[in-house]
Every structure is written in structure tokens, then in C-alpha cells.
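Chemist: Numbering of the sequence shown is given in UniProt numbering, commencing with residue 1 and proceeding in unit increments. Even glycine gets a Cβ: it sits at the ideal position worked out from N, Cα and C.
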Amino acid sequence: MAVRRRAADEASTSDAGAREARALPARHPRLLAWLLVVFLLGMWGNWAGPRWNPEPMRSVVVPETSDTAVVGKAPSPPVGTYRIEKRQVQVRLRDGTSIPAQLTTPVGVRGLVPGIVFVHGTGTKATNDFDESTDLISSAGIATLVPMKRTANYSTTHRDYLGLADDYEDAFSHLLGVPGVDPKRSGLYTVSEGCFIGPIIAARNASVSFVVLVSAPVLPIRVQGALAADAYLRRLGAPSQMREVVSKLVGQQFGEDFRYIDFDVSQYQRKMTMPVLMVYGTDDMSMPTVQGPVIMRSDLEKAGNNSLTIRYYKGGHGLKVDGVAQAAPMRDVSDWVNGLPSTASAEPRIAGEKPLQAYKGKTMAAAPKFASGKQLMLTLGVGALALIVSSLLLAVGRMRARGRRLIDTRGMGPCVVASSAGIIVAWCVLVLYLVALAYYAVSYQRNLIVVQGGWIACQGAALLSAWLFVRVPFCWHEKKPKMRAGATAVVGAALGGQTVLLLMLAYWGPFPSLR
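1) Within a Cβ cutoff of 6 Å, which residues of the same chain sit near G163, ignoring the five residues on either side of it in sequence?
2) In chain order, which beta strand (DSSP E) runs of at least 3 residues are fully inside the stretch 160 to 233?
3) Please return the same chain residues whose Cβ sits closer than 7 Å to the Cβ of S513, not counting the five positions on each side in sequence.
4) Taking the Cβ atom as the reference point for each residue, do Q452 and S372 lie within a distance shorter than 8 Å?
5) With H, G and I counted as helix, E and B as strand and the rest as coil, what does DSSP make of A325?
6) With a 10 Å radius around its C-beta and 16 neighbouring C-beta atoms as the bar for buried, classify M377 as buried or exposed.
7) On the three-pair Cβ rule with 8 Å, is the stretch 49 to 57 touching the stretch 360 to 375?
8) Name the DSSP bridge partner or partners of E85?
9) Please classify R222 as buried or exposed, where buried requires at least 16 other C-beta atoms within 10 Å of its C-beta.
10) Using a Cβ-Cβ cutoff of less than 6 Å, which residues in the same chain neighbour A229 once the five nearest sequence positions on both sides are dropped?
11) From P510 to S138, what does the alpha carbon distance come to, in whole angstroms?
12) Could you give the distance in angstroms between the alpha-carbon of A21 and the alpha-carbon of W34?
13) Check each candidate in G141, V89, D95 and name the one with the smallest Cα separation from T127.
14) Output the distance between the C-alpha atoms of R331 and D135, rounded to the nearest integer angstrom.
15) Pull up the distance between the alpha-carbon of T151 and that of P199, whole angstroms please.
16) Which complete beta strand (DSSP E) runs does the stretch 483 to 509 hold, if anything under 3 residues is left out?
17) Could you tell me whether the stretch 230 to 241 touches the stretch 183 to 203, where touching means 3 or more Cβ pairs closer than 8 Å?
18) Which residues in the same chain have their Cβ closer than 6 Å to the Cβ of P414, if we skip the five residues on either side of it in sequence?
19) Between V425 and F39, what straight-line distance do the alpha-carbon atoms span, to the nearest angstrom?
20) Nearest to F210 by alpha carbon, out of P183, G225, L227?
21) Cα separation between A303 and V91?
22) What does a CB cutoff of less than 8 Å around R51 pick up in its chain, not counting 5 residues either side in sequence?
23) Candidates I261, E169, L430, S390: which alpha carbon is nearest T488's?
24) For L501 versus G381, is the C-beta distance shorter than 8 Å?
25) In whole angstroms, what is the alpha-carbon distance linking W508 and A461?
26) May I ask you to report which of helix, strand or coil DSSP gives E55?
27) Quick check on the burial criterion: 16 or more other C-beta atoms within 10 angstroms. Buried or exposed for E169?
28) Compare the C-alpha of D264 against each of P220, G49, Q498 and name the closest.
29) How would you call R204, buried or exposed, if buried means at least 16 neighbouring beta carbons within 10 angstroms?
30) Are the CB atoms of V208 and L103 within a distance shorter than 8 Å?
31) Can the beta-carbon of T140 be found closer than 8 Å to that of G180?
32) Cα separation between L387 and Y439?
33) Span of the alpha helix (DSSP H) holding residue 519?
34) In this structure, what does DSSP give as the bridge partners for T65?
35) Count the other C-beta atoms from every protein chain shown that fall within 10 angstroms of the C-beta of R159, then say buried if there are 16 or more, exposed otherwise.
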């Protein structure tokens, strides 16, 4: 009897559970609708944009020794051997204009000296921006020329690398004409983005005897930027969804003026036949410290050139430690230049600190048109405009004229406004979080409370916005309002704007999804 009662109780419990499960949609339709919307938004965000799946960096560049010293067949004058003299000169450009340049020369050298033209990177443009480096190099018996970077060919939205190469090539020609400079032993010292410009000049000007590449991107800016962003986010401990944002941001089609971000310098590197010295700081997460030299070596081989020397130093971008240029790299650059041609093949070819690049930069898939460039701004603008204008109209519509509200939504107004506010708040939280990530990335700081807590806040705000959005149709169903055409149009515009902004919010990944 006890066994039968136990079996009956279990059967009764099972039936009750089944009835409860069947009754769930009827009891909690709003909850289930919200879960469905969140699921669909998450899947939409995961499907709509390009994915970021960087491949592990399998190629390696192994320093033969930690000693970076460059030793040629004949001894070179060490840094500090000579006093230096600086003077401002005017460089005449091929278009008839002139730009200022700073010429630094060693004093008391017998015979001709090598010459170097410095090519600016992204963050520099003035004639004195390389003073720390030129002072050290010139004191070893080398003349240096730092021209001002002309911004006529350079801005955030437009960069003409060929035009910039013309300017620096004219500066190089000027240096070759300076008394005491050896035109057969002169070359280029390029930094960061300037490493796109140096190879252009070197590929077409046979007078360039050598090229020094400092913190060279080698990869197109779009690819290098994605690689750098991924490295920064991994260092910060950012969630994987934020790394997906990298591909969606970098995959943007920004328009004709931004074509420079896809500039591939390899086409010029494959024509370089002179000795090349590549120099990196191993703490520089923004550059492909392994992939760059691997590509360079392959490109030079296509020109029959095996004169590649690589050096790694403890330091960041531009070989700086705490913002200060280091003496050791300038010592080695000076010895390498002074010792040419023997130093072009001097061993060790690779020396210094061990470089680390965990992932390989690769070509990015394009973002969809609706979320790219001007179309993205237009989509967001239309959605935001519809949402803001409708909210203002709903607020003004509560005023009365002749005893009636100007826009009577029959009780729908608060529900619609709450949904609009929730979506705006979710967008604000996401934008603030991205700004915070950018700040910590570029300042090399870590704050897990902000990084992890901020992402939880983003997801929480997104989920709340979806809940408030789902409330609107249920509110409509419950109240069954009979609104006039004007009120219906305002509510419709609000819902349209909310839908657009919610879909665009989901595109950037704050909703959970199956991956």
C-alpha cells in the first residue's frame, strides 16, 4: 500500500509540474516575450557584423643574443664623441613652397659624414621633435635633418603618403647638398607611420643608401589598428564581446578620404635593395613586433635583398621608456650607419629582448553597409531623431487646450517614454564604457572594477531597455486605447525609433547570445 501511495504521489507531482510548465506562457507572457526578444537581439548582434577571430602568431623571431651592439669591420666613433651644431634651414619643395627643417651636424669631423633625414610618425611634425635622438646620433659623427611635416597632405580624414614622400624626398635631396655630407652614405630614419613613407622614397630613389625603421607598422593601418586594439583589450581583461567590437569598428567603410588606412607598403618594400635596420620596443603592444619583421624579410627577398638587421629593446612605442628616448638604440643606430656596408651583414642579425606577439594581424571583413560609415551615422541619426522628437511631442501633448490634451495617448505615453528613456540610457552606458576602455588602454592602466563592472552595467542597461520595450505592446493590449491619428503617428514614430536604436545597440554586442 505504501508503495502504491508513493507512486501515486509521484505521478501527481509530475502532472502538477507539467501543468505548471504549460501554464507558464499564460501566467508570464511578458517575461517570455522579453526572453525571446533578448535572445533574438543577441543572435542578431552576433550574426550581423564581422567576427573577430585572430589566428595565433605561429612564426617566431628569436634573438641570437641579448647584446644589441652592432660591430662592423672598422671601429665607429661612439655617441658623445663630437660636439654638435644646430641650425634652422629652409627646404625648397618641388611645388615651389618651402618648409623649415633643423640641421644638426657634428663639429670637428675630418672628411665627409653620413646623413640621415628623419621622417615623422603620427604624433610628431615639428623640427625639434627628434632632438633627443638627433643629438645622440649627430654626436657620433652623423648629420641629421628633421623637416617639418606639411599638414597639407596630412589630416585625420585624409593622408597622402605619396605626397608626403615627395616632401621628404626633397628634404633628402637638400641634405645631400649640404657641405660635408656624404651623398653615397645617406639614408632615412623613419618612425611609426613614417615607415610607410620611407619605403616609397627608397623604392624610387637610388641615392637612399639605407633605411632605419623604428616601430614599423608594416601592416595596413586597418589591420594594425585591429591588432593593437585586440592586444590592449586582452591586457585590460575586457570581455570577449568587446573584442568583437574591434572587427565592427575597424571593418567600417569610412569613405574615399580614409583610403589611407588600407595602404599596403609591401609593394614598395619589395623594391628596396639597400640595407635595412628594423628596431622595436618589446613593450609596444600597438605594433606587430614579430609579424612585421617576418613580412619585411619576405618582401626584401623579392628584391634579392638579404641585408636586414633587427634589434629589440626594452621600451614602448618609438623606443621610449616613460616617454623618454633611450640612448642604447641610438648608439646602435649610429654604429650601424657608420659601419656600413659591413654592418649590413654583421652578425648577429637579430638581437636584444625577446619579442612577443600572441596573435597575427589579418585582413578584416567589411562591416555591413547599414552599420558602416555615413550609413551608420544616418541610421543612428534617424532613430535618435524619431525617438527624441516623439518624446518631446508626448511631453508637450500632455498640455490641455479647451479641456483636452493636445496629444491624447490614452495612457500609453508614460510607457512609451519609459521605453525611449531606457534605450537612451543603455546607449549612454555603452558609449561611456567604450570611452573608459579607450582611456585605460592608451594610458596602460588596468582597472578590473571598471572593465568588468562596466560591462555588467552595459548588459544590465541593455536588458532593462529590452524589458521596457516589450512592455509597450502589452500596455497597448491592456489599455486598448482609441487614439486619434496624430497620437497614433507620434507613438508609431517613437516605436520606430526605438526599434532602430535597439537593433543598432544589439549590433555592438551587449545582449547575451549563443556563440
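Modeler: Checking against the coordinates, here is how it stands:
1) Taking the first residue of the sequence shown as 1, we reach residue 163 at position 163. Result list for G163: N153, in chain order.
2) 181 to 191, 211 to 214
3) Here residue 513 refers to the residue found at position 513 of the sequence shown. These residues qualify, in order along the chain: G42, M43, G45, N46.
4) Residue 452 sits at position 452 when you count from the first residue of the sequence shown. Residue 372 sits at position 372 when you count from the first residue of the sequence shown. Taking 8 Å as the Cβ cut-off, Q452 and S372 do not qualify as a contacting pair.
5) Position 325 of the sequence shown holds residue 325. Three-state result, A325: strand.
6) For the purposes of this step, residue 377 is taken as the residue at position 377 of the sequence shown. Result: exposed.
7) Segments in contact, yes.
8) Against the sequence shown, residue 85 aligns to sequence position 85. Beta-bridge pairing links E85 to T105.
9) Start at 1 with the first residue of the sequence shown, and residue 222 comes out as number 222. Classification for R222: buried.
10) Translated into positions along the sequence shown, residue 229 becomes position 229. Counting only Cβ-Cβ distances below 6 Å, and skipping sequence neighbours, we find V246.
11) For the purposes of this step, residue 510 is identified with residue 510 of the sequence shown, where counting begins at 1. For the purposes of this step, residue 138 is identified with residue 138 of the sequence shown, where counting begins at 1. Rounded to whole angstroms, the separation of the alpha carbons of S138 and P510 is 54 Å.
12) In the sequence shown, the residue the question calls residue 21 occupies position 21. In the sequence shown, the residue the question calls residue 34 occupies position 34. Model confidence at A21 stands at a pLDDT of 48, short of 50, so the residue's coordinates are unreliable and nothing is read from them.
13) Along the sequence shown, one-based indexing puts residue 127 at 127. Here the closest residue by C-alpha is V89.
14) Residue mapping note: residue 331 aligns to position 331 of the sequence shown, counting from 1. Residue mapping note: residue 135 aligns to position 135 of the sequence shown, counting from 1. Between the alpha carbons of R331 and D135 lies a distance of about 11 Å.
15) As a working note, residue 151 is residue 151 in the sequence shown. As a working note, residue 199 is residue 199 in the sequence shown. When rounded, the distance between both Cα atoms is 20 Å.
16) None, since the stretch 483 to 509 contains no complete beta strand (DSSP E) of that length.
17) no
18) Within the sequence shown, residue 414 is the residue found at index 414, counting from 1. Its chain contains no residue whose beta carbon lies nearer than 6 Å to that of P414 once the 5 sequence neighbours on both sides are disregarded.
19) Taking the sequence shown and counting its residues from 1, the one referred to as residue 425 is at position 425. Taking the sequence shown and counting its residues from 1, the one referred to as residue 39 is at position 39. Their backbone Cα atoms lie some 20 Å apart in a straight line.
20) The residue given as residue 210 occupies position 210 in the sequence shown. Of the listed residues, the one whose Cα sits closest to F210 is P183.
21) Here residue 303 refers to the residue found at position 303 of the sequence shown. Here residue 91 refers to the residue found at position 91 of the sequence shown. Going from the Cα of A303 to the Cα of V91 covers about 32 Å.
22) The residue labelled residue 51 in the question sits at position 51 within the sequence shown. If the five residues before and after R51 are omitted, its C-beta is found closer than 8 Å to the C-beta atoms of E244, S247, A365, all from its own chain and listed in chain order.
23) Taking the first residue of the sequence shown as 1, we reach residue 488 at position 488. Residue S390 is the option with its Cα nearest to T488.
24) By 1-based counting over the sequence shown, the position of residue 501 is 501. By 1-based counting over the sequence shown, the position of residue 381 is 381. In this structure, L501 lies away from G381, with their beta-carbon atoms at least 8 Å apart.
25) Start at 1 with the first residue of the sequence shown, and residue 508 comes out as number 508. Start at 1 with the first residue of the sequence shown, and residue 461 comes out as number 461. Rounded to whole angstroms, the separation of the alpha carbons of A461 and W508 is 13 Å.
26) The sequence position of residue 55 within the sequence shown is 55, counting from 1. Looking at E55 - three-state DSSP - the assignment turns out to be strand.
27) Within the sequence shown, the letter at position 169 stands for residue 169. Flag for E169 reads buried.
28) The residue labelled residue 264 in the question sits at position 264 within the sequence shown. It is P220 whose Cα lies nearest to the Cα of D264.
29) As a first step, residue 204 is located in the sequence shown; it is residue number 204 there, counting from the start. Label assigned to R204: exposed.
30) In the sequence shown, the residue the question calls residue 103 occupies position 103. In the sequence shown, the residue the question calls residue 208 occupies position 208. Contact flag unset, no.
31) Start at 1 with the first residue of the sequence shown, and residue 140 comes out as number 140. Start at 1 with the first residue of the sequence shown, and residue 180 comes out as number 180. For the record, residue 140 in the displayed sequence is Ala; it is not Thr. No, these two residues do not count as a Cβ contact at 8 Å.
32) Mapped onto the sequence shown, residue 387 falls at position 387. Mapped onto the sequence shown, residue 439 falls at position 439. Whole-angstrom Cα-Cα distance: 30 Å.
33) No answer is possible for residue 519: the residues shown for the chain start at 1 and end at 515.
34) Here residue 65 refers to the residue found at position 65 when the sequence shown is read from its first residue. Looking at the DSSP output, T65 bridges to A351.
35) Along the sequence shown, read from residue 1 onward, the residue named residue 159 stands at position 159. Result: buried.
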